[in-house]
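In UniProt numbering, the protein residues as written are 1 to 133. Glycine is no exception: its CB is placed at the ideal position from the N, C-alpha and C atoms. Computed from a predicted structure; not experimentally measured.
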């Protein structure tokens, strides 16, 4: 299995706003480790997270570099998040359409050709600084 190809399809779907395409690359019991949040298990909770993100943010990923191990069980990507803050997210600064550019990375585990773990990291303090400026 080519883990890098799975991640490429996943990130292409993200950039196309194709939530169904993203979900198609996930295992049913995917563990979603959210930056500054709780672990969510399962496609339903991942889908709900995507809906929330789509309501509050408009994001496109650029400069994506994908890495993968030889046996296809682990992969990661480094990228730049280019976003717009659309609606105030609970506990965060007020949204006024602020734009932001933020380096980030995702780390993934795969089993049976599907993503079974998604862990994404970015610098929340940098994001808060950008949207508060």
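Looking at the strands, I want to know which residues DSSP matches up with residue i.
i           : result
residue 83  : 59 and 100
residue 109 : 74 and 117
residue 68  : 75
residue 32  : 40 and 118
Where does the unbroken beta strand (DSSP E) through residue i begin, and where does it stop?
i           : result
residue 128 : First-last for residue 128: 124-132, but that is the alpha helix (DSSP H), not the beta strand (DSSP E).
residue 41  : 39-41
Leaving out the 5 sequence neighbours to the left and right, which residues in its chain are closer than 7 Å to residue i when beta-carbon positions are compared?
i          : result
residue 10 : 22, 25 and 115
residue 35 : 120, 121, 122 and 124
Answer with buried or exposed for residue i, where buried requires no fewer than 16 other C-beta atoms within 10 angstroms of its C-beta.
i           : result
residue 134 : Because the chain in this structure spans residues 1 to 133, residue 134 falls outside the shown range and cannot be described.
residue 83  : buried
residue 3   : buried
residue 39  : exposed
residue 106 : buried
residue 65  : exposed
Enumerate in chain order the residues of its own chain whose CB-to-CB distance from residue i is below 8 Å, with the five nearest sequence positions on each side excluded.
i          : result
residue 86 : 55, 56, 57, 58, 95 and 97
Among the residues of its own chain, which have a CB less than 6 Å from the CB of residue i, if the five just before and after it don't count?
i          : result
residue 73 : 110
Could you tell me which whole alpha helix (DSSP H) segments of length 4 or greater appear in the stretch 2-26?
The stretch 2-26 contains these whole alpha helix (DSSP H) runs: 3-16 and 19-24.
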